[in-house]
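For reference, the structure is listed below as structure tokens.
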Amino acid sequence: MPNCWMKASGSWCATAFRNACALGGVKTCKTTLKRISRFILAYYLGPFVMTLTILVFILSLKFLGNYIEELSGKNLDGAVMLQLFGHASLRMAILSMPLALLSASLITFGSMGEHYELAALKSCGISLLRILRPLFAFSCLMALLSFWLSFYIVPNSNRELLSLLYDASKTKAGFAIKPGIFYRDIDNYSIRIASKNERTGMLYELRIEDFSQNRAQPVVTLADSGRTHILQDGRYLQMMLYSGVRHEDIQASSPSLPYGRLYFDSLSYRFDLSEFAFSRSDSRLRHRSIFPFPQLSQAIDSMQRRLALEEARVFSRMGRYTGIDSTFFAAQYVAAAEAFSPQSVEEWYTQPALRQRAIDEIRALQPELEYWMQYSRRERQQIREYQHEYYSRIAMPLTCIVFALMGASLGAIIRKGGLGMPAVASVGFFALFYGLLSQGWKLAKYGWADPWIGAFLPLLVFTPFTLYVVMQAAVDAKIFDESSWQMWSDRLRQWLRKKSD
Numbered sequence: 052m053p054n055c056w057m058k059a060s061g062s063w064c065a066t067a068f069r070n071a072c073a074l075g076g077v078k079t080c081k082t083t084l085k086r087i088s089r090f091i092l093a094y095y096l097g098p099f100v101m102t103l104t105i106l107v108f109i110l111s112l113k114f115l116g117n118y119i120e121e122l123s124g125k126n127l128d129g130a131v132m133l134q135l136f137g138h139a140s141l142r143m144a145i146l147s148m149p150l151a152l153l154s155a156s157l158i159t160f161g162s163m164g165e166h167y168e169l170a171a172l173k174s175c176g177i178s179l180l181r182i183l184r185p186l187f188a189f190s191c192l193m194a195l196l197s198f199w200l201s202f203y204i205v206p207n208s209n210r211e212l213l214s215l216l217y218d219a220s221k222t223k224a225g226f227a228i229k230p231g232i233f234y235r236d237i238d239n240y241s242i243r244i245a246s247k248n249e250r251t252g253m254l255y256e257l258r259i260e261d262f263s264q265n266r267a268q269p270v271v272t273l274a275d276s277g278r279t280h281i282l283q284d285g286r287y288l289q290m291m292l293y294s295g296v297r298h299e300d301i302q303a304s305s306p307s308l309p310y311g312r313l314y315f316d317s318l319s320y321r322f323d324l325s326e327f328a329f330s331r332s333d334s335r336l337r338h339r340s341i342f343p344f345p346q347l348s349q350a351i352d353s354m355q356r357r358l359a360l361e362e363a364r365v366f367s368r369m370g371r372y373t374g375i376d377s378t379f380f381a382a383q384y385v386a387a388a389e390a391f392s393p394q395s396v397e398e399w400y401t402q403p404a405l406r407q408r409a410i411d412e413i414r415a416l417q418p419e420l421e422y423w424m425q426y427s428r429r430e431r432q433q434i435r436e437y438q439h440e441y442y443s444r445i446a447m448p449l450t451c452i453v454f455a456l457m458g459a460s461l462g463a464i465i466r467k468g469g470l471g472m473p474a475v476a477s478v479g480f481f482a483l484f485y486g487l488l489s490q491g492w493k494l495a496k497y498g499w500a501d502p503w504i505g506a507f508l509p510l511l512v513f514t515p516f517t518l519y520v521v522m523q524a525a526v527d528a529k530i531f532d533e534s535s536w537q538m539w540s541d542r543l544r545q546w547l548r549k550k551s552d
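For the sequence shown, this note's numbering begins at 52 and goes up steadily by one.
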């Protein structure tokens, strides 16, 4: 939106609101306020869509870049790549939405503050909280959309995404022979060429070792030259060899003819390339991100019950070695134990036979305990990961509201529009937000904090800061103004001078 039009529209908003309140009464004022809200939303949607698109594109490329080794050289067609990018984009949209709201809020309200539109509206008696109302409503709508996507839509998309990545990882790389290197990706065959004419496609000095007949020595075929042809849409590779010899050790099948040599002018090999073609599997993946929200809660309960049953089973088996009685702490046994003198049985517990028996029981119990410790550690970590995923689906939509209000308040304070200062601030907040997400994940995964703390860590950090900047923006505080920083700097220097004196 051009700056001159923005300045004129801001003046028009203030003038229209002032005239409406003076001439038309409360009803006309409300109508004008609705028009102002629509104006703010119309100006807000452009930066929001632009920022969201850029963030989703960048984060999707970064996500797929983690699987570049599994995807490169697999000859995947365009439809498969589009599916991968589409599912990855939907996955990254949940992460990008709070940051897009933050950046768009900074741009919108920074421009309104820079062109004195906020000042014009406030001069008409409209508070900043009233100006923020349409943005708050839009952020709540985006939060509800994020809830719906993360609860039901994105898990199904993640299932397809992970299934595609799994199938791509199982697909062999495309047929590509390099001179001087044995090519062994075709089962039971090893192929080597000395050189290749890139213009004609002719191969020279070929060597093919055939291990398909399960003999002690492979069948070796040497050829002066050859060509390759792809048949049936890539299902088969036909290799025509010219002017060569075939060496074969046939001693096992014919003792009277231990060795065979065949000279040929032309010889054809056909290789099956079905393993190189991408095909969808019916793999049943199990990952926390593929469960819809209700099923995720059920999965957590199921894992907790399984862990409790395994714990009860292990301690029940331990009782066989330790001889612990379930009625050990009954009142009559406690009273009898207190009245019994331990010195009277000291010699029994110091006998070598009893001591050796205790050592043997502990040794017999040690493998069971080691297995239980590993199993318990693995299961508890998996439960924490699932719980972190559960709480993250609640925390991320709430972050949309917090970031939208924080961006609008900071924009009203900074009063700088465009892509300069807002872009710098957005990058800084994105780095901090991403760092908090990563640290929260580690805190939850390794049990250093409760899973809900790890999931809500960005909210716990940014919510107090958002409340502070909203209150500062409501009273037109100049916390980022150069004169304010100069004043605090002068006060600090005076305080340090007094301390030194």
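Virtual Cβ for every residue (Gly too), placed ideally from N, Cα, C. Here the structure is a predicted model, which is why all the values come from computation and not from measurement.
Check                                                                                                                                                                           : Outcome
Rounded to whole angstroms, what's the CA-CA distance from residue 86 to residue 496? Just pull it up for me.                                                                   : 49 Å
Tell me, to the nearest whole angstrom, how far the beta carbon of residue 246 is from that of residue 233; I am working on the premise that it is less than 8 Å.               : No, residue 246 and residue 233 are not in contact; Cβ-Cβ is about 15 Å, not under 8 Å.
Just list the alpha helix (DSSP H) runs in the stretch 181-240, keeping only unbroken ones of 4 residues or longer that don't cross its boundaries, in chain order.             : 184-199 and 205-221
Over what stretch of residues does the beta strand (DSSP E) that includes residue 276 continue unbroken?                                                                        : 270-282
Cα-Cα, which of 111, 148 and 146 is closest to residue 135?                                                                                                                     : 111
Is the beta carbon of residue 105 sitting closer than 8 Å to the one on residue 468?                                                                                            : no
Would residue 351 and residue 445 be called neighbours here (beta carbons separated by less than 8 Å)?                                                                          : no
Please look up how many angstroms separate the CB atoms of residue 272 and residue 292, rounded, as I've assumed it's under 8 Å.                                                : 7 Å
Taking just the CA atoms, how far does residue 172 sit from residue 166?                                                                                                        : 12 Å
If you drop the 5 nearest sequence neighbours on each side, which residues of the same chain put their C-beta closer than 7 Å to that of residue 295?                           : 272, 273, 274, 275, 315 and 318
For the stretch 426-511, list the alpha helix (DSSP H) runs that are entirely contained and at least 4 residues long, ordered along the chain.                                  : 472-496 and 502-506
Going straight from the alpha carbon of residue 379 to that of residue 367, what length do you get?                                                                             : Low local confidence applies: a pLDDT of 49 at residue 379 is under 50, so the model's placement there is unreliable, with the coordinate-based value given in what follows. Cα-Cα distance, rounded: 15 Å.
Within the same chain, show all residues whose beta-carbon is closer than 7 Å to that of residue 361, passing over the 5 residues directly before and after it, in chain order. : 426
For residue 185 and residue 498, what's the separation of their Cα atoms in angstroms?                                                                                          : 41 Å
How about residue 143 and residue 114: do their beta carbons lie closer than 8 Å?                                                                                               : yes
Roughly how far, in whole angstroms, is the beta-carbon of residue 92 from the beta-carbon of residue 454, given that I think they are within contact range, below 8 Å?         : With 8 Å as the limit, residue 92 and residue 454 do not qualify as a contact, their Cβ atoms being about 17 Å apart.
Residue 338 and residue 488 - do their beta-carbons sit closer together than 8 Å?                                                                                               : no
Assign residue 506 to one of two classes, buried (16 or more other C-beta atoms within 10 Å of its C-beta) or exposed (fewer than that).                                        : buried
Look at the Cβ atom of residue 439, then the Cβ atom of residue 509, and state whether they are nearer than 8 Å.                                                                : no
Can residue 153 and residue 477 be called in contact, C-beta distance under 8 Å?                                                                                                : yes
What distance in whole Å lies between the Cβ atoms of residue 148 and residue 208, which are believed to be in contact at a cut-off of 8 Å?                                     : The pair is not a contact, with the Cβ atoms about 15 Å apart (cut-off 8 Å).
Between residue 365 and the rest of its own chain, which residues show a CB-CB distance below 7 Å, the 5 nearest in sequence each way excluded?                                 : 419 and 423
Cutting at 7 Å between CB atoms, please list the residues of its own chain near residue 490, excluding the five before and the five after it.                                   : 508
Short of 7 Å in beta carbon distance, which residues of its chain neighbour residue 281, apart from the five on each side in sequence? Order them along the chain.              : 288
Keeping to the same chain, check which residues put their C-beta closer than 7 Å to that of residue 443; ignore five residues upstream and five downstream.                     : 506
Cα-Cα, which of 265, 190, 417 and 192 is closest to residue 300?                                                                                                                : 265
Using a 10 Å radius around the Cβ and a threshold of 16 neighbouring Cβ atoms, would you call residue 39 buried or exposed?                                                     : There is simply no residue 39 to check, as the chain begins at 52 and stops at 552 in what is shown.
According to DSSP, is residue 244 helix, strand or coil?                                                                                                                        : coil
Once DSSP output is grouped into helix, strand and coil, what is the label at residue 365?                                                                                      : helix
When we look at the beta-carbon of residue 345 and count the other beta-carbons within 10 Å, is it buried (16 or more) or exposed?                                              : exposed
Please report the straight-line C-alpha distance between residue 410 and residue 436, rounded to a whole angstrom.                                                              : 38 Å
Quick one: residues in its chain with C-beta nearer than 7 Å to the C-beta of residue 450, no 5 flanking neighbours on either side, listed in chain order?                      : 149, 509 and 510
Tell me the residue span of the beta strand (DSSP E) that contains residue 258.                                                                                                 : 254-261
So, at 7 Å on beta carbons, what are the nonlocal neighbours of residue 140 in its own chain, with the 5 sequence-adjacent residues on each side left out?                      : 107 and 111
How would you call residue 119, buried or exposed, if buried means at least 16 neighbouring beta carbons within 10 angstroms?                                                   : exposed
What residues in its chain sit with their C-beta under 6 Å from that of residue 343, if we drop five residues either side in the sequence?                                      : 203 and 206
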